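So for the sequence shown, this note's numbering puts the first residue at 3; every next one is plus one. Positions of the beta carbon are idealized from the N, C-alpha and C atoms, including for glycine. Because the structure is a prediction, the values reported are computed rather than measured. Working notes, structure below.
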Amino acid sequence: MEPECIVLDEATAMLDPVGRREVLSAVHRLNREKGITVVLITHHMNEAEDADRTDTASTTSDPHVQRGHALPAQRGGGHEL
């Protein structure tokens, strides 16, 4: 039995760059090969850029859904703050 959806909350937060790449590679593989929906919660905007869809939350504005590739223009060029 495989899940239809997995939720990862800050799954790469305490990892070094190599570990982050390994986790994200596994997540992409699950989505691509098994069709599993992945909800990835992250503060790293560069991780969100590869998403099919994103939802950003802010205490100063309404959250909104957009394509992952639209993030750099809206959030400081994709740089981590």
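Residue i (DSSP reduced to helix, strand or coil)
i, result
"L17", "coil"
"M47", "helix"
Selection from the options that minimises the alpha carbon distance to residue i
i, options, result
"N48", "L26, M3 and V40", "L26"
"M16", "G37, E6 and H45", "H45"
"S13", "A50, T58 and A59", "Residue 13 is actually Ala in this sequence, not Ser. It is A50 whose Cα lies nearest to the Cα of A13."
"E4", "V20, E24, P19 and L32", "L32"
Beta-carbon contacts of residue i that lie in its chain and below 6 angstroms, excluding the five residues immediately before and after
i, result
"V41", "V9"
DSSP bridge partner residues for residue i (one or two, in chain order)
i, result
"V40", "I8"
Cβ neighbours of residue i in the same chain (closer than 8 angstroms, five flanking residues each side left out)
i, result
"E6", "I38 and T39"
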